[in-house]
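**Student:** Residue numbers (UniProt numbering): 1 to 536. One structure coming up, written as structure tokens, with questions to follow.
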Amino acid sequence: GGMEKIKQHTFALAHYTYNVLSTLKYSNGAPVVRIYSDTDFSNPDVQGPIINFNILDENGEVIGFSQVDKMASLYNIHVRTGCFCNTGACQMHLGISNEDIQRNLQAGHVCGDDIDLVDGRPTGSVRISFGYMSSFEDAQTFLKFIIATRLSKSDAEIPFQSSVTTLTTESVSDDRPSFNSADKLSPIPHISDRELGNNSSVTMTTGSWQPPEAEAESIRAAVSETAIPTCRRGGKPITVTNIYLYPIKSCSAFEVTEWPVGNQGLLYDRNWMVANQNGVCITQKQEPRLCLINPSIDLKKKIMVIQAEGMDPVSVSLEENTGKETVISESKVCSHRVKTYDCGERIAGWFSMFLARPCRLIRQSSDMSHQKNTKGLASATNISLSLVNEAQYLLVNVASILQLKEHISARLEEPLETEELIRRFRANIIITAPEPFEEEEWAEISIGALRFQVVGPCSRCQIICIDQQSGERNKEFMQSLSVARGRKTNFGIYLMNQPLHSSLPDILSVGSQVLPVLKENMEIQPPTSSEEKCSG
């Protein structure tokens with residue numbers, strides 16, 4: 001039918017989605033989204049099939065676009081985020097002044113990064129676009145995603161969930177997009193008989209919606225971003241309970257009781273990765289079965305043994321292949337380009353057979369390590385990294401795990417093993433501290449002869465939805481974390497090693513005491529008695 005038909009089709013989808021989004025409200029009456037538009041989506045001649053918006057919480061605060069993007073990926077929805085190469089429009093609709101732009105830059109925000117909020121204010125937004133191939137079901141899938149992640153059914157046993165109303169979708173006339181009853185959008189605001197029956201246009205019109213009286217107040221109570229207490233409680237020392245390294249990026253953890261520390265983190269941690277034929281790193285996001293591959297390091301024999309169910313074990317030498325025949329190539333890990341070399345046809349065949357796809361095992365070249373400029377580190381501006389995404393180490397607190405475990409178990413309505421949850425977060429260092437999330441207020445920590453500087457919180461991705469023992473996905477874990485933490489999916493903290501001039505060996509051991517320093521440079525000292533002592 002030509003471009004005119006495409007225009008009508010795509011605008012009908014955008015108009016329908018715009019109308020439904022505009023009516024979505026929390027039980028306290030607050031809108032779920034804030035739409036940025038110069039029109040009311042009534043005329044396809046002046047409005048294209050694009051909707052630009054930010055999602056809000058019940059208090060009207062913006063939820064960062066990077067968090068929305070991560071949640072959308074769980075539903076196989078691709079959105080565009082940021083300022084869309086249009087800084088002027090971004091400033092106008094978000095109310096960002098020239099001075100704000102400068103402050104955001106000083107805070108480290110650049111185009112394409114994940115810094116979506118600065119001082120609570122958005123640096124960008126979310127955009128969805130419809131094309132000629134888009135369908136009414138696509139629009140519904142997007143709306144289901146918004147409702148599933150922002151509006152949950154009230155449950156007295158789960159007081160941190162939002163309340164929501166139910167959609168009833170009436171029959172539509174033949175000239176409107178059709179959809180099966182099984183695909184009806186539920187829950188969604190009620191569309192009245194009169195509004196649907198009297199509208200003969202190609203698009204659907206939604207009515208003004210208000211939450212029912214019984215659900216006038218939301219019973220959601222998000223877990224706060226708990227600040228560290230001024231007093232240590234119970235006098236219990238903080239200790240290291242588990243140490244994990246991940247020799248092959250995205251493969252199973254290798255647990256140890258003590259381990260040497262190198263200049264890139266734990267020795268051999270994420271020194272290898274599985275790559276496709278183009279040299280791009282394959283992670284559990286694309287291939288969940290990577291978690292079923294179990295690498296282990298034998299320091300005495302200087303080999304890495306790789307095992308998986310149904311496969312004969314295979315070994316790789318820890319000695320670097322530095323011969324003249326070694327071909328150094330460029331590979332890609334997330335947005336970073338790293339220098340690597342191939343581990344050979346025998347290993348490539350093993351991985352290709354297990355994963356049932358062409359792939360190769362490659363190793364980072366030690367003389368061309370991945371460098372990262374990290375703001376705020378005292379010792380150096382450029383930190384040497386292995387094939388990690390952000391930092392040398394990731395630390396998780398058991399107390400934080402246990403608090404989150406209660407919320408997820410309640411939402412799943414089934415028991416959850418602590419060990420399973422720990423493995424999902426794929427940390428290097430597990431500690432036991434008295435208070436949940438107190439680690440987020442630390443500036444640095446000492447463990448034995450080792451000193452680490454806190455780089456910042458770890459913003460989680462969809463890999464936490466993968467059971468590390470079976471490879472099965474369950475997006476409830478990401479959703480639960482988002483709900484439990486309020487507006488972010490932060491869990492755990494990144495660390496960088498600060499070298500100490502010490503005669504003691506650089507060994508990280510289970511059972512070692514952890515001495516944190518607060519961001520206000522107040523060191524937490526173990527109390528001298530069983531009574532609570534304020535940290536001095």
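The C-beta atom is built at its ideal place from N, Cα and C for all residues, glycine as well.
#1: Note down, in chain order, each residue of its chain lying with its Cβ closer than 7 Å to the Cβ of I303, except the 5 sequence neighbours on either side.
#2: Which value, in whole angstroms, describes the spacing of the CA atoms of residue 537 and Q277?
#3: In angstroms, rounded to a whole number, what distance separates the CA positions of S37 and N52?
#4: Considering just the uninterrupted stretch of the alpha helix (DSSP H) at R423, what are its terminal residues?
#5: Under a CB-based cut-off of 8 Å, is E99 close to chain D?
#6: Based on Cα-Cα distance, which residue from I115, Q8, F65 and E255 lies nearest to N43?
#7: Between Q462 and L74, which are expected to be in contact by the criterion C-beta below 8 Å, what is the C-beta distance as a whole number of angstroms?
#8: Short check: CB of N261 to CB of L450, under 8 Å?
#9: How many angstroms separate the CA atom of S125 from the CA atom of C83?
#10: Which residue from D269, S365 and E320 puts its Cα closest to that of L394?
#11: Taking C-beta to C-beta, are residue 550 and Q364 nearer than 8 Å?
#12: Indicate the three-state DSSP secondary structure (helix, strand or coil) for T283 in the structure shown.
#13: Pick out whichever of A410, R103, G1 and L387 has its Cα sitting closest to the Cα of V280.
#14: List, from N- to C-terminal side, the beta strand (DSSP E) runs of 3 residues or more that fit wholly inside the stretch 237 to 308.
#15: Can you look up C458 in the DSSP assignment and give me helix, strand or coil?
#16: State the beta-bridge partners of Q364 as determined by DSSP.
#17: Please report the straight-line C-alpha distance between A443 and E258, rounded to a whole angstrom.
#18: What whole-angstrom Cβ distance do I507 and V240 have, given they're in contact under 8 Å?
#19: Assign V164 to one of two classes, buried (16 or more other C-beta atoms within 10 Å of its C-beta) or exposed (fewer than that).
#20: Judging by CA-CA distance, which residue of V396, L245 and L481 is the nearest neighbour of E435?
#21: Go through its chain and collect everything with a Cβ distance to D117's Cβ below 8 Å, but skip five positions before and after it.
#22: Using DSSP bridges, identify the partner residues of I51.
#23: So, at 8 Å on beta carbons, what are the nonlocal neighbours of T39 in its own chain, with the 5 sequence-adjacent residues on each side left out?
#24: Check for me: the beta strand (DSSP E) holding L518 runs from which residue to which?
#25: Within 10 Å of its beta-carbon, does A72 have 16 or more other beta-carbons around it, so buried, or fewer, so exposed?
#26: If you follow the alpha helix (DSSP H) that N19 is in, where does it begin and where does it stop?
#27: Assign G112 to one of three DSSP states: helix, strand, or coil.
#28: Taking the alpha-carbon of C85 as reference, which of F425, I6 and G112 has the nearest alpha-carbon?
#29: Assign M273 to buried or exposed, taking buried as 16 or more other Cβ atoms, counted over all protein chains shown, within 10 Å of its Cβ.
#30: Pull up the CB-CB distance for I55 and V33, whole angstroms please, since I reckon it's below 8 Å.
#31: So, using beta-carbon positions, are T10 and F130 closer together than 8 Å?
#32: Output the distance between the C-alpha atoms of L245 and D312, rounded to the nearest integer angstrom.
#33: What are the boundary residues of the alpha helix (DSSP H) that I77 is part of?
#34: In chain order, what residues of the same chain lie with their CB nearer than 8 Å to the CB of N180, ignoring the 5 residues before and after it?
#35: Once DSSP output is grouped into helix, strand and coil, what is the label at I96?
#36: What does residue 538 pair with, by DSSP beta-bridge criteria?
**Tutor:** So, to answer that:
#1: Cβ neighbours of I303 within its own chain (closer than 7 Å, five residues either side excluded): S315, V316, S317 and L318.
#2: Nothing about residue 537 can be read from this structure; the chain reaches only from 1 to 536.
#3: Straight-line Cα distance between these residues: approximately 7 Å.
#4: Start and end: T418 to R424.
#5: The structure shown has no chain D; it contains just one protein chain.
#6: Across the set I115, Q8, F65 and E255, the C-alpha of Q8 shows the shortest separation from the C-alpha of N43.
#7: 5 Å between Cβ atoms; contact.
#8: The question names Asn, but residue 261 in the sequence shown is Val. In terms of Cβ geometry, V261 and L450 form a close pair [threshold 8 Å].
#9: The alpha-carbon separation between S125 and C83 amounts to approximately 7 Å.
#10: It is D269 whose Cα lies nearest to the Cα of L394.
#11: As shown, the chain starts at 1 and ends at 536. That puts residue 550 outside it, with no answer to give.
#12: Note: T283 maps to coil in three-state DSSP.
#13: Minimum Cα distance to V280 is reached at L387.
#14: Complete beta strand (DSSP E) runs here, min 3: 238 to 245, 254 to 256, 258 to 262, 272 to 275, 294 to 298 and 303 to 307.
#15: DSSP places C458 in strand when its eight states are reduced to three.
#16: Per the DSSP secondary-structure output, Q364 pairs in a beta bridge with T340.
#17: Cα to Cα, the separation comes out at about 24 Å.
#18: Contact flag wrong, Cβ pair sits at about 12 Å.
#19: Caution is warranted here: a pLDDT of 28 is assigned to V164, below 50, making its placement in the model unreliable, and the coordinate value is therefore given only provisionally. Its Cβ being crowded by 16 or more others within 10 Å, V164 is buried.
#20: Comparing Cα positions, the closest option is V396.
#21: Sequence check: residue 117 is Leu here, not Asp. Listed in chain order, the non-local C-beta contacts of L117 below 8 Å within the same chain comprise V62, G64 and T123, local neighbours out to five positions each way being set aside.
#22: In DSSP, I51 forms a bridge with I128.
#23: The beta carbon of T39 sits closer than 8 Å to the beta carbons of V46 and Q47 from its chain, once the five residues preceding and following it are set aside; these are given in chain order.
#24: Q513 to L518 is the extent of the beta strand (DSSP E) around L518.
#25: Within 10 angstroms of the beta-carbon of A72 lie 16 or more other beta-carbons, which makes it buried.
#26: Taken as a continuous stretch (DSSP letters only), the alpha helix (DSSP H) holding N19 covers G2 to T23.
#27: In the displayed model, G112 falls within coil according to three-state DSSP, outside both helix and strand.
#28: The shortest C-alpha separation from C85 is found at G112.
#29: With 16 or more Cβ atoms within 10 Å of its Cβ, M273 is classed as buried.
#30: In this structure I55 is in contact with V33, their Cβ atoms being roughly 6 Å apart against a cut-off of 8 Å.
#31: Yes, they are a contact pair.
#32: The alpha-carbon atoms of L245 and D312 are separated by roughly 22 Å.
#33: Taken as a continuous stretch (DSSP letters only), I77 belongs to no alpha helix (DSSP H), as it is neither H nor E.
#34: With a pLDDT of 35 at N180, under the threshold of 50, the modelled position of that residue is not reliable, and the figure given next carries that caveat. Same-chain partners within the cutoff: there are none.
#35: Three-state result, I96: coil.
#36: Since the displayed the chain opens at 1 and closes at 536, residue 538 lies outside it and no answer follows.
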